[in-house]
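Numbering that gives the first Met the number 0 puts the first residue of the sequence shown at 0, with every later residue one more than the last.
We treat Cβ as the ideally placed atom computed from N, Cα and C, and that holds for glycine.
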Amino acid sequence: MAATSKRTDRAARRPRSVLLAGAALAGALGITAVAVTVGGDGGAVGMRGPGQVSDNRPGVVDTAAAEWIAASSANYRTADRPDDYSVDRIVVHVTQSRFIDATRAFRNPAHQAAAHYVVRASDGHIAQTVREADVAYHAGNREWNERSIGIEHEGYVDDPQRWFTDTAYEASARLAADIADRHDIPIDREHIVGHNEVPGADHTDPGRHWDWDRYLQLVRAAQGGRTTA
Ligand SMILES: [Zn+2]
Numbered sequence: 000m001a002a003t004s005k006r007t008d009r010a011a012r013r014p015r016s017v018l019l020a021g022a023a024l025a026g027a028l029g030i031t032a033v034a035v036t037v038g039g040d041g042g043a044v045g046m047r048g049p050g051q052v053s054d055n056r057p058g059v060v061d062t063a064a065a066e067w068i069a070a071s072s073a074n075y076r077t078a079d080r081p082d083d084y085s086v087d088r089i090v091v092h093v094t095q096s097r098f099i100d101a102t103r104a105f106r107n108p109a110h111q112a113a114a115h116y117v118v119r120a121s122d123g124h125i126a127q128t129v130r131e132a133d134v135a136y137h138a139g140n141r142e143w144n145e146r147s148i149g150i151e152h153e154g155y156v157d158d159p160q161r162w163f164t165d166t167a168y169e170a171s172a173r174l175a176a177d178i179a180d181r182h183d184i185p186i187d188r189e190h191i192v193g194h195n196e197v198p199g200a201d202h203t204d205p206g207r208h209w210d211w212d213r214y215l216q217l218v219r220a221a222q223g224g225r226t227t228a
């Protein structure tokens, strides 16, 4: 109730010059259409809260395949990777929940955890919830959070038939290949690891049913056909 009216007030107060400046900047950068839709109907855009705009730029994703669903800023730390920390690991997770519940949990400031991405089982849809430049709290290990990008997969470790779908493996592999390309991460089991393999981790995901051979083969194939089987 109070939050809604506050959000509307914010939108109403937003100076028009900001929007115009944004459009001018977009023009200068050669971007034809930037979704500067925060004005007008205000809260209808789905902004999470007052801090969101400055903490992270909503709608900006690191990989073309992803939809932006912002995590709460309490669940990650703003950083400037790879300038402050180099990124050399990808950590594979399984949510132990539904996609919708995972993204909802990441939006909850009390959750104290979020990964950068969540892959939906049914269709391979990808949500990006934390920018790759930022340190997401997903690995349960500070140093590993700082050096890694986390990919969550919707599902349950004990029900691979239902959740570890071909579509999810393939979508995740394309994502991992893209991350590996951009951060120059080798595609091997030393650099693409399970949450359970992070030093000190008390989590068991992605579990014994996650098919690592298949996954790495798909990542290599997605990166450019350097598959050696
Ligand atoms: Zn995990």
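- request: Let me know the beta strand (DSSP E) ranges lying completely inside the stretch 114 to 192, each 3 residues or longer, listed in chain order.
  value: For the stretch 114 to 192, whole beta strand (DSSP E) runs of length 3 or above, ordered along the chain, are 116 to 118, 125 to 127 and 147 to 152.
message: Using C-beta distances below 7 Å, list every residue in its chain close to ALA27, excluding the 5 sequence neighbours before and after it, in chain order.
response: In this prediction, ALA27 scores a pLDDT of 44, lower than 50, which makes its location untrustworthy; the coordinate-derived value is nonetheless stated afterwards. Cβ neighbours of ALA27 beyond the five flanking positions: none.
- prompt: What is the rounded straight-line gap between the Cα of THR166 and the Cα of HIS190?
  reply: In a straight line, the C-alpha of THR166 is about 23 Å away from that of HIS190.
message: Using C-beta distances below 6 Å, list every residue in its chain close to THR31, excluding the 5 sequence neighbours before and after it, in chain order.
response: Because the pLDDT at THR31 is just 39, under 50, the model does not fix this residue reliably, and the point stays unresolved.
task: Pick helix, strand or coil for TYR214, following the three-state DSSP scheme.
output: Taken through DSSP and simplified to helix, strand or coil, TYR214 comes out as helix.
task: Drop a sphere of 10 angstroms on the beta-carbon of TRP209, count the other beta-carbons inside from all chains shown, and report buried for 16 or more, exposed for fewer.
output: So TRP209 ends up on the buried side.
- request: With ILE99 as the anchor, note down where its alpha helix (DSSP H) starts and where it stops.
  value: Note, ILE99: alpha helix (DSSP H), 98 to 106.
- request: Could you spell out the range, first to last residue, of the beta strand (DSSP E) harbouring ALA73?
  value: Run containing ALA73: none; DSSP gives neither H nor E here.
message: Classify VAL59: buried if its beta carbon has 16 or more other beta carbons within 10 angstroms, exposed otherwise.
response: Around the beta carbon of VAL59, fewer than 16 other beta carbons lie within 10 angstroms, which makes this residue exposed.
- prompt: What separation, rounded to the nearest whole angstrom, lies between the Cα atoms of ASN140 and ARG213?
  reply: In this structure, the straight-line span from the alpha carbon of ASN140 to that of ARG213 is close to 27 Å.
task: Flag ASP204 as yes when its Cβ comes closer than 7 Å to any non-hydrogen atom of ligand 1, and as no otherwise.
output: Using a cutoff of 7 Å, the CB of ASP204 counts as near ligand 1, since one of the ligand's heavy atoms is closer than that.
- prompt: Between the stretch 112 to 126 and the stretch 167 to 179, are three or more C-beta pairs nearer than 8 Å?
  reply: With the cut-off at 8 Å, the stretch 112 to 126 and the stretch 167 to 179 touch.
- prompt: Which residues in the same chain have their Cβ closer than 6 Å to the Cβ of ASP187, if we skip the five residues on either side of it in sequence?
  reply: Excluding residues up to 5 positions away in sequence, nothing lies with its Cβ nearer than 6 Å to the Cβ of ASP187 in the same chain.
message: Using C-beta distances below 8 Å, list every residue in its chain close to ASP180, excluding the 5 sequence neighbours before and after it, in chain order.
response: Cβ within range, chain order: GLN222.
message: Assess contact between the stretch 155 to 165 and the stretch 125 to 137, defined as three or more Cβ pairs (one per stretch) separated by less than 8 Å. Is contact present?
response: In short, these stretches do not touch, since the Cβ pair count stays below three.
task: Indicate the three-state DSSP secondary structure (helix, strand or coil) for HIS202 in the structure shown.
output: Secondary structure of HIS202 (DSSP, three-state): coil.
query: Can you tell which of THR128, ARG88 and GLU145 has its C-alpha closest to the C-alpha of SER72?
result: When each option's Cα is compared against that of SER72, the closest is THR128.
- prompt: Is it buried or exposed for LEU217, if we count other Cβ within 10 angstroms and need 16 for buried?
  reply: Label assigned to LEU217: buried.
- prompt: Roughly how many angstroms separate the alpha carbons of ARG130 and TYR155, rounded to a whole number?
  reply: So the two alpha carbons sit approximately 25 Å from each other.
message: What I want to know is whether the C-beta of HIS259 ends up closer than 7 Å to one or more non-hydrogen atoms of ligand 1.
response: Nothing about residue 259 can be read from this structure; the chain reaches only from 0 to 228.
query: Within 10 angstroms of its Cβ, does THR102 collect 16 or more other Cβ (buried), or is it exposed?
result: Looking at its Cβ environment, which holds 16 or more other Cβ atoms inside 10 Å, THR102 is buried.
task: Could you check if GLY199 is buried or exposed, using at least 16 other CB atoms within 10 Å of its CB as the buried criterion?
output: The residue is exposed, with fewer than 16 neighbouring Cβ atoms inside 10 Å.
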